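Chains as they are written, first to last, in this note's numbering: chain A, 9 to 222; chain B, 9 to 222. Glycine is no exception: its CB is placed at the ideal position from the N, C-alpha and C atoms. Here the structure is a predicted model, which is why all the values come from computation and not from measurement.
Number of protein chains: 2
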Amino acid sequence: MTATATREETGHEAPSARQQAVLDAVLALLVEEGDQLTMDAVARRASCSKETLYKWFGDRDGLLTATVRWQASRVHAGRDAGGPLDAETLRERLLDFAVSWLDVIAGRTSVVLNRIAIAHAGSRKGNLGAIVLANGRLAIGARVKPVLEAGRAAGLLAFDDGETAFRTFFGLVGRDIQIRLLLGDALELDAAEIRRDAARAVDQFLALYGQARP
Amino acid sequence: MTATATREETGHEAPSARQQAVLDAVLALLVEEGDQLTMDAVARRASCSKETLYKWFGDRDGLLTATVRWQASRVHAGRDAGGPLDAETLRERLLDFAVSWLDVIAGRTSVVLNRIAIAHAGSRKGNLGAIVLANGRLAIGARVKPVLEAGRAAGLLAFDDGETAFRTFFGLVGRDIQIRLLLGDALELDAAEIRRDAARAVDQFLALYGQARP
DNA sequence: CCAGTACCGTACCGTACGGTACGCCGCTTC
DNA sequence: GAAGCGGCGTACCGTACGGTACGGTACTGG
Numbered sequence: 009m010t011a012t013a014t015r016e017e018t019g020h021e022a023p024s025a026r027q028q029a030v031l032d033a034v035l036a037l038l039v040e041e042g043d044q045l046t047m048d049a050v051a052r053r054a055s056c057s058k059e060t061l062y063k064w065f066g067d068r069d070g071l072l073t074a075t076v077r078w079q080a081s082r083v084h085a086g087r088d089a090g091g092p093l094d095a096e097t098l099r100e101r102l103l104d105f106a107v108s109w110l111d112v113i114a115g116r117t118s119v120v121l122n123r124i125a126i127a128h129a130g131s132r133k134g135n136l137g138a139i140v141l142a143n144g145r146l147a148i149g150a151r152v153k154p155v156l157e158a159g160r161a162a163g164l165l166a167f168d169d170g171e172t173a174f175r176t177f178f179g180l181v182g183r184d185i186q187i188r189l190l191l192g193d194a195l196e197l198d199a200a201e202i203r204r205d206a207a208r209a210v211d212q213f214l215a216l217y218g219q220a221r222p
Numbered sequence: 009m010t011a012t013a014t015r016e017e018t019g020h021e022a023p024s025a026r027q028q029a030v031l032d033a034v035l036a037l038l039v040e041e042g043d044q045l046t047m048d049a050v051a052r053r054a055s056c057s058k059e060t061l062y063k064w065f066g067d068r069d070g071l072l073t074a075t076v077r078w079q080a081s082r083v084h085a086g087r088d089a090g091g092p093l094d095a096e097t098l099r100e101r102l103l104d105f106a107v108s109w110l111d112v113i114a115g116r117t118s119v120v121l122n123r124i125a126i127a128h129a130g131s132r133k134g135n136l137g138a139i140v141l142a143n144g145r146l147a148i149g150a151r152v153k154p155v156l157e158a159g160r161a162a163g164l165l166a167f168d169d170g171e172t173a174f175r176t177f178f179g180l181v182g183r184d185i186q187i188r189l190l191l192g193d194a195l196e197l198d199a200a201e202i203r204r205d206a207a208r209a210v211d212q213f214l215a216l217y218g219q220a221r222p
């Protein structure tokens with residue numbers, strides 16, 4: 009249930025190679041220039057005409073939406089290896105989620121796209137925020153919760169509500185990082201620090217919800 | 009160029025009553041209309057002339073900055089009652105922080121202002137994000153950390169780094185709430201749910217960092 | 001009563017940017 | 001090689017909005 013399911017869910021056909029190049033140009037511009045993205049700049053950067061842009065994507069919002077979807081499509085989930093769950097595997101799986109989630113939100117692209125989506129949610133007609141939410145917070149939730157449930161089934165975790173447990177995990181991992189980055193804090197995380205943060209979050213989560221196998 | 013004008017440029021002087029009314033008009037407009045705030049709309053709403061707006065606040069950014077500062081000035085800290093700290097008092101203080109923090113970030117005004125600041129941080133020249141950060145995340149941190157330190161001094165908490173401990177607290181309280189609201193999620197919290205959330209966060213924090221008094 | 005100040009209302013200017021029109025080129029197809 | 005087409009480059013249009021100018025009004029001090 010990877011690429012196929014995703015496409016079916018969104019109901020949007022994948023962009024052609026040329027269109028992908030355009031969307032990559034948009035991403036590059038967003039990362040480099042901040043969010044004052046103009047259609048002229050996109051056309052220049054992507055070496056295409058504005059008319060083509062409008063033909064392909066409808067309007068500016070359509071281009072932004074396609075860009076967000078495009079970026080989301082490449083941050084596809086990690087392995088969802090099923091199988092028996094012991095304490096060590098559970099910890100590894102959670103650590104994996106925590107690391108990849110921190111990698112994503114600390115990335116320049118994610119920050120810029122979230123900024124766009126948030127600004128968009130401020131004005132009316134914004135489904136852009138919903139898209140980012142669906143591919144960020146909700147997607148990770150949908151992937152983590154089954155792991156938590158499996159952990160409970162294996163007697164490794166104890167909780168009443170999977171959603172609440174996940175949200176705690178989310179909070180322990182993300183803490184103040186995303187809001188600080190969105191607000192322009194210079195905070196930067198290297199791979200080592202991300203690993204450390206993720207490990208701490210997992211430890212704390214297991215301290216709260218873990219239980220020795222009976 | 010008078011002394012008054014200079015102080016206005018720096019934006020550090022308290023606004024007059026009339027100016028406060030203008031800033032309240034900006035806040036109302038932001039809450040009602042989303043973030044497509046125009047100087048014309050502000051002037052109309054506040055029954056003042058655009059020329060006066062520019063005279064008082066310099067430019068659009070100055071108006072926004074003054075508005076953010078104005079809002080920040082009214083979300084002034086709770087009581088910082090010193091005194092002996094027992095387990096119950098510590099829990100109360102933390103609960104207090106958690107509730108008021110959730111109250112703030114769940115508020116329409118906070119959401120809109122954060123959106124503005126985040127959008128602003130996306131373009132260059134954005135000290136607006138820094139201002140919101142200073143009056144939000146950093147302010148609450150500066151107020152909570154002494155409490156945590158006091159808790160440690162009283163033998164009620166155990167941690168190495170106060171900053172890390174606070175950030176965990178922050179994560180447990182806020183979880184995914186702020187990002188979801190910023191992205192336009194319809195999520196709404198009534199007072200009862202906020203109290204429940206805050207209590208859960210405090211319980212979890214104490215479970216992680218608390219220790220019985222020796 | 002006059003001068004000065006502070007401010008409102010409104011008309012105005014300049015520009016940036018979303019969106020459109022059009023001419024031209026290279027590619028495919030018959 | 002003519003026809004058709006997809007797409008590049010550019011010129012262009014309309015408008016929204018930031019910022020300025022200016023006339024008119026109320027109030028204060030002399």
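In the DSSP secondary-structure assignment, glycine 218 of chain A is bridged to A:Leu165. Membership of glutamate 196 of chain B in any alpha helix (DSSP H) is not indicated, and neither H nor E is assigned to it by DSSP. Comparing alpha carbon positions, the residue from A:Lys58, A:Asp184, A:Arg26, A:Val39 closest to methionine 47 of chain A is A:Lys58. Inter-residue distance for alanine 25 of chain B and aspartate 32 of chain B is about 10 angstroms (C-alpha atoms, whole angstroms).
Spatial neighbours of isoleucine 148 of chain B in its own chain (CB-CB distance under 8 angstroms, excluding positions within 5 residues in sequence) are listed in chain order as Phe105, Trp109, Phe178.
Within chain A, the residues placing a beta-carbon under 9 angstroms from that of glutamine 44 of chain B are Gly130, Ser131, Arg132, ordered along the chain. Between leucine 191 of chain B and leucine 146 of chain A a beta carbon distance of about 10 angstroms is seen, past the 8 angstroms cut, so the two are scored as non-contacting.
Flagged as an interface residue toward chain B: glycine 137 of chain A, by a C-beta distance shorter than 8 angstroms. With the rule of 3 Cβ pairs closer than 8 angstroms, the region 197-204 of chain A does not count as touching the region 166-174 of chain A. Shown here, arginine 183 of chain B sits in coil according to DSSP, grouped into three states, outside any helix or strand.
Taking a Cβ-Cβ threshold of 7 angstroms, none of the residues of chain A is close to phenylalanine 105 of chain B; the smallest such distance is about 14 angstroms.
At a cut-off of 8 angstroms between beta carbons, alanine 173 of chain A makes no contact with chain B. Each residue's CA atom was taken as its position, placing glycine 130 of chain B and serine 118 of chain A some 12 angstroms apart. In this structure, glutamine 212 of chain A lies away from isoleucine 187 of chain B, with their beta-carbon atoms at least 8 angstroms apart. Inclusion of leucine 93 of chain A and glycine 159 of chain A in the CB contact set at 8 angstroms is warranted, their separation being smaller than that value.
Glutamate 157 of chain B carries a helical assignment under DSSP once its states are collapsed to helix, strand and coil. Taking a beta-carbon distance threshold of 8 angstroms, glutamine 186 of chain B counts as an interface residue toward chain A. Burial state of leucine 165 of chain A is buried, judged by a 10 Å Cβ sphere holding 16 or more other Cβ atoms.
Valine 210 of chain B and asparagine 122 of chain A have their C-alpha atoms some 29 angstroms from each other.
Scanning A:Ala51, A:Gly218, A:Gly66 for the CA closest to the CA of phenylalanine 167 of chain A turns up A:Gly218.
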